[in-house]
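Residue numbers (the working numbering): 32 to 285.
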């Protein structure tokens, strides 16, 4: 009865982590020799872990990654494609995110750009950063919808609050004048306050022409390329097909 009352009080105080573990911990034989301080410490750890897991779940929901299993430790360095492990591991420390810098990943289709981008994004999520992954066509469609619904400024504000914005598939289709302006607004709102990660099949040297040249292109590239970390992939084999084959074969992607 006393334990049930304690459980109800824990639920009432929203200490769900302790509530979920206290009965099991009290019954465990190996806990009987623990001091009161040690036992209390375990309960506090349970609560802390519960809350951290809930925060991570919320961040992952906002992030909207397509590949939830993308991981730094599973990145393939065996296939020759210009990917340096030292650079990836350095980026995995997330210093570029706290410094509000950019990472630009370029290379042909199937070189593993999206997987690498999402692995870095998921790593950031697991380390407490707010992240959102979005394909450029989807982001531009969101601006069209927001403008029609009168929520354009709200969308810009939401994007500006993210620690990291990952834009995939930059350069797949030509942009209209208003789309270029929308892209500039999104980048401008984040400049100096958040990090960017952009993937593209186009070499960075072709981005100015893709953006139509002129002042808007200058402004976008000035904010994206300045202090950017670049990864230029070159692969004759499709990493996407290789990962699919490895999964069917029951092997890891290492």
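All residues carry an ideal CB built from backbone N, CA and C; glycine is no exception.
Here the structure is a predicted model, which is why all the values come from computation and not from measurement.
Self-check item: Environment of residue 258 [buried if 16+ CB atoms lie within 10 Å]
Solution: exposed
Quiz item: When you compare only the Cα positions, how much space is there between residue 96 and residue 198?
Solution: 11 Å
Exercise. Taking only the alpha-carbon atoms, compute the straight-line gap between residue 112 and residue 208 and give it to the nearest angstrom.
Key: 35 Å
Quiz item: Is the CB-CB distance between residue 133 and residue 74 below 8 Å?
Solution: no
Quiz prompt | Cβ neighbours of residue 101 in the same chain (closer than 6 Å, five flanking residues each side left out) | solution = 146, 149, 150 and 153
Quiz item: For residue 228, which beta-bridge partners are listed by DSSP?
Solution: 134 and 197
Practice problem: Using the DSSP secondary-structure output, state which residues sit across from residue 261 in a beta bridge. | Solution: 135
Practice problem: Can you tell me which of the three DSSP states residue 222 falls into? | Solution: coil
Practice problem: Would you mind sorting residue 136 into buried or exposed? The rule is 16 or more other CB atoms within 10 Å of its CB. | Solution: buried
Quiz prompt | Among 70, 245 and 190, nearest to residue 226 - alpha-carbon criterion | solution = 190
Quiz item: What residue from 186, 240 and 241 has the CA that sits closest to residue 218's CA?
Solution: 186
Practice problem: Give the DSSP-derived three-state secondary structure of residue 146 in the structure shown. | Solution: helix
Quiz item: Can you tell me the Cα-Cα spacing of residue 223 and residue 35, whole angstroms?
Solution: 52 Å
Quiz item: Just the Cα atoms here: how many angstroms apart are residue 281 and residue 162?
Solution: Confidence is the limiting factor: at residue 281 the pLDDT is only 46, short of 50, which leaves the residue's position unreliable and the question unanswerable from this model.
Quiz item: Smallest Cα separation from residue 169: which of 180, 131 and 214?
Solution: 214
Quiz item: In whole angstroms, what separates the C-alpha of residue 206 from that of residue 249?
Solution: 15 Å
Quiz item: DSSP three-state call for residue 108: helix, strand or coil?
Solution: coil
Quiz item: Taking the DSSP output, what are the residues bridged to residue 38?
Solution: Its beta-bridge partners do not exist; DSSP assigns none.
Quiz item: Hey, quick one: how far does the beta strand (DSSP E) through residue 176 stretch, first residue to last?
Solution: Premise fails: residue 176 lies in the alpha helix (DSSP H), 167-180, not in any beta strand (DSSP E).
Quiz item: DSSP on residue 63, reduced to helix/strand/coil?
Solution: coil
Quiz item: What is the C-beta distance between residue 49 and residue 41, in whole angstroms, given that I count them as a contact (C-beta under 8 Å)?
Solution: 5 Å
Quiz prompt | Same chain only: Cβ atoms within 6 Å of residue 177, ignoring 5 sequence neighbours per side | solution = 183 and 186
Quiz prompt | First through last residue of the alpha helix (DSSP H) which encompasses residue 2 | solution = Nothing can be reported for residue 2: it is not among the residues displayed for the chain, which extend from 32 to 285.
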